[in-house]
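Below: the structure, in structure tokens.
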Amino acid sequence: DTAVSQTPKYLVTQMGNDKSIKCEQNLGHDTMYWYKQDSKKFLKIMFSYNNKELIINETVPNRFSPKSPDKAHLNLHINSLELGDSAVYFCASSQGSKRLSTDTQYFGPGTRLTVL
Amino acid sequence: GQSLEQPSEVTAVEGAIVQINCTYQTSGFYGLSWYQQHDGGAPTFLSYNALDGLEETGRFSSFLSRSDSYGYLLLQELQMKDSASYFCAVRPSGGYNKLIFGAGTRLAVHP
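For the protein sequence lines, the chains are A and B, in the order given. The first sequence runs contiguously to residue 142 in the numbering used here. The second sequence runs contiguously to residue 112 in the numbering used here.
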């Protein structure tokens, strides 16, 4: 029943490790996103995919590599984790509507990443 | 570029009305959205204004004035469950659908 799901919900790891977060949506949407929310709750877009094609890359370090095997899935792999990567990572999806229509984004429950 | 400013915190009592303002600087956008986020939860969509004026959805209303670069979210008949963070966000025009969020306003509702 869940619209946008992410795994894992919590991730605790050491600096220098590599980790992945998975996201799936069952809403039939064409567009998926990764957002990072820092400790001050500031939400910032990282990436967006439309039908498996990368369309937004917001100057994120290349240690972060998104992958979209199909339009219902968007994964995020992070290499060589750093302390500053600690945050909550949200996946979201939307229809990808144009211009004035709302194009509501539906967010997953988030993955709280803690780098020690 | 785009930037949005909101008050960091607002406090109100149950049953009251509260207005959360959002002023923005942007080179162009399709619309202004509002999202609610409870502690430990995900942002959820509340309201969207593509055009100037008021949009009403139950106890929540949102307003946009493009000429004043200003919008607000109005919450009426406040309930304890409305304690959450509220984010305004713009959809920049001329590109793909992404949201640029304000820093969020934490609303605390007291009995």
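Every residue gets a Cβ at the ideal spot worked out from N, C-alpha and C, and that includes glycine.
The C-beta separation of P112(B) from G29(B) comes to about 44 Å, leaving the pair out of contact by the 8 Å criterion.
Residue ranges of uninterrupted beta strand (DSSP E) with 3 or more members, entirely inside the stretch 85 to 136 of chain A and ordered along the chain, are 90 to 96, 99 to 104, 113 to 120.
A direct Cα-to-Cα measurement between V141(A) and Q40(A) gives close to 5 Å. The beta carbon of G54(B) sits closer than 8 Å to the beta carbons of F64, L65 from its chain, once the five residues preceding and following it are set aside; these are given in chain order.
The Cβ of K99(B) sits closer than 9 Å to at least one Cβ of chain A. Cβ proximity to chain A below 8 Å picks out G42, A43, P44, T45, F46, Y49, A51, L52 from the stretch 39 to 56 of chain B. DSSP links E56(B) through a beta bridge to S63(B). Using a 10 angstroms sphere on the CB of M81(B), the tally of other CB atoms stays under 16, which defines it as exposed. When DSSP states are grouped into helix, strand and coil, M41(A) belongs to the coil group.
In this structure, Y25(B) and S70(B) form a Cβ contact; the two beta carbons are roughly 5 Å apart against a cut-off of 8 Å. 9 Å or more divides the Cβ of G105(B) from the Cβ of K70(A). Neighbours of T130(A) in chain B, taken as residues at a C-beta separation under 9 Å, are given in chain order as S34, F46, Y49.
Proximity to C117(A) across G42(A), V38(A), S46(A) peaks at S46(A), based on C-alpha coordinates. In the three-state DSSP reduction, K35(A) falls in the coil class, being neither helix nor strand. 9 Å or more divides the Cβ of Q20(B) from the Cβ of G103(B). The three-state secondary structure of K78(A), taken from DSSP, is coil. By DSSP's assignment, Q26(B) forms a beta bridge with S4(B). Within 10 angstroms of the beta-carbon of H39(B) lie fewer than 16 other beta-carbons, which makes it exposed. With fewer than 16 other Cβ atoms from the protein chains shown falling within 10 Å of its own Cβ, T58(B) counts as exposed.
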